Amino acid sequence: MSEPQPSPGDEEDDVKRRFREALERKQAQARTGDSHENGGARNQHAHGPAANKRTFRRKSG
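Read in the UniProt record's numbering, the sequence shown has 58 at position 58, and its numbers run on one by one without any break.
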């Protein structure tokens, strides 16, 4: 007729198991990727191109 209801402890174990599996997948994926140390600088030109700075001169004559 009716199936036995899972106990709350079983549900908690299932949730913990799924979180643990997801964490293991995440850590395994992070281990296979390149290290961030080899990535270089975040932004090469933080303040814009210095060669094209505008100069403002007073108009003479």
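Every residue gets a Cβ at the ideal spot worked out from N, C-alpha and C, and that includes glycine. Only a predicted model underlies this, so the values are computations on that prediction, with no experimental measurement involved.
Starting from Lys26 and walking both ways along the alpha helix (DSSP H), at which residues does that stretch end?
In the sequence shown, the residue the question calls residue 26 occupies position 26. Per DSSP, Lys26 belongs to the alpha helix (DSSP H) from Pro8 to Thr32.
Near Glu12, what residues of its chain come up, given a Cβ to Cβ distance below 7 Å and the 5 sequence neighbours on each side ignored?
Locating residue 12 in the sequence shown gives position 12, counting from the first residue. Correct list: empty, nothing qualifies.
Own chain, CB closer than 7 Å to Glu24, minus 5 neighbours either side, in chain order
Position 24 of the sequence shown, counting from 1, holds the residue named residue 24. Around Glu24: no qualifying Cβ.
Once the 5 residues before and after Gly9 are set aside, which same chain residues still bring their CB inside 8 Å of it?
Translated into the one-based positions of the sequence shown, residue 9 becomes position 9. For Gly9, where only same-chain residues beyond five positions count, there are no Cβ hits under 8 Å.
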